[in-house]
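*Asks:* This is the structure I want to talk about, given as structure tokens.
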Amino acid sequence: MIRQCVHPVLVGAALLAGAFSLGTTHAQAAGMPNMAPKEVVVKRGISAEASKCIECHAQKTPGIIEAWKQGKMGHANITCYDCHVVDKNSPMASQCSGIKGSKTFISPMVSSKTCGRCHPTEVKQFQQSAHADLARIAVYDKNKAGGKLVALQLHHEGGGFMGVEEGSAANGASRQSGCQVCHGSEVKVGPDNKPLAGTWPAGVGTKYPDGSVGNCTVCHTRHQFSVAEARKPEACASCHLGPDHPNIEIYLESKHGQIYQTQGEEWNWDAAPDTWQPGDYTAPTCAVCHMSGIGELETTHNVEERLHWDLMHKRSEVRSGIHGDGEKGRENMRKVCLNCHGPSHTATQEKTVDDAVALYNEYWDRAVTMKKDLKARGLLKDDAWRDGFQELMYFLWHHTGRRARQGAAMNAPDYAHWHGFFQVFQVFKDMEDIYNWRIKTNSIEELSTVMSTGPE
Ligand code: HEC
Ligand code: HEC
Ligand code: HEC
Ligand code: HEC
Ligand code: HEC
Ligand code: HEC
Ligand code: HEC
Ligand code: HEC
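Each step along the sequence shown adds one to the number in the numbering used here, with nothing skipped, and position 207 is 325.
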């Protein structure tokens, strides 16, 4: 399939071999059998109007032009005009000083819908993944987790509990500087159609005023939009890190990460899409296991396609419904490993993950039993964040329990053990002590015994 990427303004317009035309240097991977479906060919120059954006912005925002020139799309003459010009009636339409009074309207916001004109497959796959709606909804939906997540951001972190006005700018500060930067926001615009502070720019599942969802720059930063960058683990690390999902830390401590850190500089990061295969690299990165084409698997922008377990929620289940197809996911991930490992090695590793999940679920189920009992006896505080038992239960799941499961799944013994199961049992025993004390005294201790930010 050869995609036709023709922007409306260029249809029928005289194409100039613009002064900024850098030629089409698309790395044609001649002879690569699985290259054809992903091939994108655009042979064109730059229209006079698009050249104006570039000429002026080379003076006004040289950093943007320099980055753009270095990217493949810059080389293919995909310009500011293609991505930033919007219809006059668009809810995002405004004009910069350089085009004031003209018939051209632009927006500083660029959603995945724009990319979808030329990259429909990538956008469609992305939309089906948890990186789109699910990611944003996780921090906005009042129905999700009974409104507890919205309460966490605004009532607790945002100081609502101590009187910071709910809905005020200060109240939203923790959400906008934290959750939204990773998960995405709902972009709101002012009377001038420009984005309102605190709603833009934002993370992967951002919803734009034109109704479309997705910020592709989280992995392919502007204005290079590099595939090489997205293939490196650093592209995922801005979000997949920290005490609750330390994926980059886990990766760097795994054997795969060891090889990446010692040999990665010599790898061939620039292979054409779907032709990046073992040999270009000797150990997998995040992208290799979760996204890139390898062997018989094609590149996917749906990160669920290769997953079996749900390793983030309170109890791990095999994936189904909106979280993917766990059986298929395991088959797909297995196909990744078998490019470089034998069947015994791969089967051993699958069993390791399954066993870790079984052990974690055991702890979790017992914690749930204790909690139900306390609830039935009226021995839980309404405010979970002032109740030691409930706070610890959060850490059991959200921090230590995820580290144990994800460390085991991605081959990081220190995370699986010291930051994982070792702390799982400690947290659990503390919960047991609180439980026993409450049952014995038929009362709730006055001060939360959990005085820290939880287990590191
Ligand atoms: C392939 C599409 C594409 C091209 C080509 C492109 N941009 Fe962008 N630009 C984006 C995306 C995506 C964003 C991020 C928007 C968001 O987060 O909503 C962006 C953001 C911006 C912003 C706002 C963010 C900031 O840092 O201020 C400016 C200004 C901008 N681009 C100018 C330009 C100029 C000038 C050109 C021409 C050299 C250009 N862009 C070319 C896609 C593009
Ligand atoms: C003659 C100079 C000039 C021309 C031509 C020009 N711009 Fe601009 N542009 C500017 C300046 C200066 C700014 C800074 C904000 C302002 O002055 O409006 C800007 C801002 C922008 C922004 C950011 C707006 C924001 O709200 O942050 C985008 C996006 C943009 N221009 C895109 C374009 C596109 C696309 C074209 C071509 C259709 C273009 N510009 C043509 C000078 C120009
Ligand atoms: C008008 C058509 C068009 C639009 C709109 C467009 N692209 Fe592209 N894109 C292309 C073409 C053509 C290529 C191939 C360039 C080449 O390899 O010669 C490409 C290549 C790419 C690549 C591969 C770069 C590499 O290093 O190999 C990425 C990533 C990409 N685009 C992302 C985006 C994103 C993100 C957006 C939206 C913000 C977008 N594109 C919008 C036409 C477009
Ligand atoms: C540093 C980036 C980052 C920040 C900040 C962040 N998250 Fe997340 N969040 C993630 C990632 C990555 C995952 C996926 C975790 C996994 O796979 O284990 C996630 C998972 C989640 C989930 C589970 C997904 C689901 O659909 O049920 C929820 C809910 C969630 N986060 C809510 C929040 C809230 C609320 C905040 C702010 C109080 C927040 N997050 C802050 C990156 C972040
Ligand atoms: C989670 C990170 C991530 C996000 C988000 C992301 N990409 Fe990619 N993208 C990648 C990786 C990794 C590759 C390289 C695949 C490979 O090895 O060939 C890639 C490759 C591409 C390519 C090259 C052709 C191909 O399919 O391999 C295009 C075009 C592209 N992305 C467009 C987009 C668009 C459009 C969006 C937004 C809808 C987007 N990407 C969002 C990680 C991402
Ligand atoms: C801008 C932040 C951000 C970046 C960058 C990012 N992710 Fe994510 N990722 C998230 C969030 C948020 C979630 C949780 C989505 C949800 O609500 O289920 C997530 C979820 C996932 C999941 C689990 C999906 C599921 O269905 O549960 C995988 C796998 C994943 N990301 C892989 C990657 C890989 C690989 C990269 C880099 C190539 C990457 N991510 C880059 C924010 C990000
Ligand atoms: C060797 C292949 C491999 C590499 C490299 C790898 N992962 Fe994973 N990842 C897996 C496997 C296997 C699982 C668990 C699959 C299953 O059984 O569901 C997993 C699970 C995940 C999950 C958990 C999804 C959930 O259920 O909550 C996230 C998020 C994730 N990986 C992100 C990343 C990121 C980010 C990187 C790089 C920093 C990375 N992975 C590197 C193989 C890999
Ligand atoms: C691109 C090749 C490649 C892929 C794909 C790959 N690995 Fe590896 N893996 C390696 C190399 C090389 C080593 C280092 C072997 C050594 O320590 O000598 C390694 C080491 C490991 C180790 C450490 C134990 C050992 O053998 O020393 C585990 C566990 C592992 N891989 C599991 C997996 C799993 C599970 C997958 C699929 C989800 C996978 N690998 C995918 C290349 C790969």
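For every residue, glycine included, the Cβ atom is placed at its ideal position computed from N, Cα and C.
Who does Y399 pair with in a DSSP beta bridge?
*Replies:* Its beta-bridge partners are P396.
*Asks:* Ligand 4 heavy atoms versus the CB of M430: any closer than 7 Å?
*Replies:* Yes, Cβ of M430 sits closer than 7 Å to a heavy atom of ligand 4.
*Asks:* Just verifying my parser: in three-state terms, what is the DSSP assignment at E240?
*Replies:* E240: helix per DSSP, three-state reduction.
*Asks:* Look at the Cβ atom of H175, then the Cβ atom of I182, and state whether they are nearer than 8 Å.
*Replies:* Yes. Within cutoff.
*Asks:* Under a three-way DSSP split, which group does L128 fall into?
*Replies:* Below a pLDDT of 50, predicted positions are generally treated as unreliable, and L128, at 34, falls in that range; the measurement from the model is reported next regardless. DSSP places L128 in helix when its eight states are reduced to three.
*Asks:* When we look at the beta-carbon of H419 and count the other beta-carbons within 10 Å, is it buried (16 or more) or exposed?
*Replies:* That one is buried.
*Asks:* Can you give the Cα-Cα distance for E157 and A389, rounded to whole angstroms?
*Replies:* For E157, the predicted model reports a pLDDT of 42, less than 50, meaning its position is unreliable; a value from the coordinates is still stated below. When rounded, the distance between both Cα atoms is 13 Å.
*Asks:* Using beta-carbon positions only, say whether L415 and K453 come within less than 8 Å of one another.
*Replies:* Closer than 8 Å, so yes.
*Asks:* With a threshold of 8 Å between beta-carbons, can T417 be considered close to chain C, or not?
*Replies:* The structure shown contains no chain C; it holds only a single protein chain.
*Asks:* For E422, which three-state DSSP category applies?
*Replies:* In the structure shown, E422 sits in coil (DSSP, three-state: anything other than H, G, I, E or B).
*Asks:* Report yes if the C-beta of C337 is less than 7 Å from at least one heavy atom of ligand 6; otherwise report no.
*Replies:* Answer for C337: yes, Cβ within range of ligand 6.
*Asks:* Would you say the beta carbon of H374 is closer than 7 Å to some non-hydrogen atom of ligand 7?
*Replies:* For ligand 7, at least one heavy atom lies less than 7 Å from the Cβ of H374.
*Asks:* For Q188, does the count of other Cβ atoms within 10 angstroms reach 16, so buried, or fall short, so exposed?
*Replies:* Classification for Q188: exposed.
*Asks:* Quick one, are the C-beta atoms of H274 and W503 less than 8 Å apart?
*Replies:* Yes, they are a contact pair.
*Asks:* Just checking L425 against ligand 6 - is the residue's beta carbon closer than 7 Å to any of the ligand's heavy atoms?
*Replies:* Yes; taking the cut-off as 7 Å, the Cβ of L425 has a heavy atom of ligand 6 nearer than that.
*Asks:* Is the stretch 526-535 close to the stretch 371-383, with three or more CB pairs under 8 Å?
*Replies:* Enough Cβ pairs lie closer than 8 Å, so yes.
*Asks:* Would you kindly work out how many angstroms separate the C-alpha atoms of D205 and Y199, rounded to a whole number?
*Replies:* Approximately 12 Å between the Cα atoms of the pair.
*Asks:* Does the beta-carbon distance from D259 to V331 come in below 8 Å?
*Replies:* Taking 8 Å as the Cβ cut-off, D259 and V331 do not qualify as a contacting pair.
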